[in-house]
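>
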Amino acid sequence: MIKEGSTVLPGDKVAISEELQPGEGTYEKNGEIIASIIGRFRVDRQRMTAIVEPLTKIPLVLKAGDTAICEVKQLTEAMVIVRIIHIAGNKRQIAGEKDGAIHISNIADEFVDDIGKKYRIGDIIRAKIIRVEPAIQLSTKGKGFGTIKAYCTNCRNPLIRKNDLLECPSCGRMEERKMADDYGEGNLDRVI
Ligand SMILES: [Zn+2]
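In this text, residue positions in the sequence shown follow the numbering used here: the first is 272, and each later residue adds one.
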């Protein structure tokens with residue numbers, strides 16, 4: 272029979288009704304327990320039921336190579352600290368709070384001497400996860416990576432792209448950032 276923890280498709284036989292009762296995500300048909308949704312097969316041993324957990328409830332495991340959407344939480348002299356809020360192209364939720372760091376040398380292809388000219392707290396950025404152990408590290412080198420939405424440091428309005436700079440439509444302030452080539456388009460699921 273199907274191993275516990277396996278991913279199953281609707282219609283897959285996961286158990287027989289002599290062994291288990293149908294639980295969430297399953298139904299019984301002709302003595303067999305069948306998955307009704309795509310998900311992961313589990314057995315609730317207390318109630319002796321077969322369960323298929325929806326995939327969206329399964330915590331997402333981050334890995335090197337993932338394209339991540341992050342919010343800038345903190346800037347240090349040599350590091351941008353971000354919270355990863357979404358993995359592009361993946362519907363699963365990220366388990367818990369996942370913070371990562373972008374070292375100054377990984378911000379852009381060219382040399383960066385002032386982090387504050389590249390990112391600001393609250394910016395939404397697209398970054399590539401380059402390692403997950405012992406701590407998550409990301410990079411925004413390359414034209415598809417960088418901020419996709421940034422806010423005025425004066426008045427917090429979303430900034431509008433104006434050539435190589437960003438302009439606040441409210442107070443007129445011009446700001447500099449490391450921008451993704453699709454800044455402002457809201458592409459959260461673009462995988463690079
Ligand atoms: Zn402003």
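Even for Gly, the Cβ is constructed at its ideal location relative to N, Cα and C.
Can you list, in chain order, the stretches of the beta strand (DSSP E) that have 3 or more residues and sit fully within the region 280 to 363?
Correct list: 284 to 287, 297 to 300, 303 to 306, 310 to 315, 320 to 325, 338 to 346 and 350 to 358.
> How should residue 434 be labelled, buried or exposed, when 16 other C-beta atoms within 10 angstroms of its C-beta is the threshold for buried?
For the purposes of this step, residue 434 is identified with residue 163 of the sequence shown, where counting begins at 1. Exposed is the call here.
> Report yes or no: do the region 308 to 320 and the region 362 to 382 share at least 3 C-beta pairs separated by less than 8 Å?
The region 308 to 320 is not in contact with the region 362 to 382.
> Taking 9 Å as the threshold (C-beta atoms), are residue 446 and residue 459 in contact?
Your numbering for residue 459 matches position 188 in the sequence shown. Your numbering for residue 446 matches position 175 in the sequence shown. Not closer than 9 Å, so no.
> So does the region 422 to 430 actually touch the region 441 to 455, counting three or more Cβ pairs closer than 8 Å?
A contact exists between the region 422 to 430 and the region 441 to 455.
> Does DSSP classify residue 369 as helix, strand or coil?
As a working mapping, residue 369 is identified with position 98 in the sequence shown. Strand at residue 369.
> Please check the pair residue 276 and residue 288, which I expect to be a contact at CB under 8 Å, by giving their CB distance rounded to whole angstroms.
Within the sequence shown, the letter at position 5 stands for residue 276. Within the sequence shown, the letter at position 17 stands for residue 288. That belief does not hold up - the Cβ atoms of residue 276 and residue 288 are roughly 21 Å apart, past 8 Å.
> Just verifying my parser: in three-state terms, what is the DSSP assignment at residue 387?
As a first step, residue 387 must be located in the sequence shown, where it is residue number 116. Correct three-state label for residue 387: helix.
> What residue from 378, 380, 295 and 333 has the CA that sits closest to residue 357's CA?
Walking along the sequence shown from the start, residue 357 turns up at place 86. Checking every option, the nearest Cα to that of residue 357 belongs to 333.
> Who are the near neighbours of residue 394 in its chain, counting only those whose CB is closer than 8 Å to its CB and skipping five residues on each side?
Translated into positions along the sequence shown, residue 394 becomes position 123. Contacts found: 342, 343, 418, 420, 421, 422 and 448.
> Measure from the alpha carbon of residue 345 to the alpha carbon of each residue in 374, 337 and 452, then state which is nearest.
What you label residue 345 is simply residue 74 of the sequence shown in a count that begins at 1. Closest by alpha carbon: 374.
> Which residues have a Cβ closer than 6 Å to any heavy atom of ligand 1, listed in chain order?
Taken from the N-terminal end onward, the list reads 423, 425, 426, 428, 439, 441, 442 and 444.
> So residue 397 is in the beta strand (DSSP E); what residue range does that whole segment cover?
Within the sequence shown, numbered from 1, the residue matching residue 397 stands at position 126. 395 to 402 is the span of the beta strand (DSSP E), which, as asked, contains residue 397.
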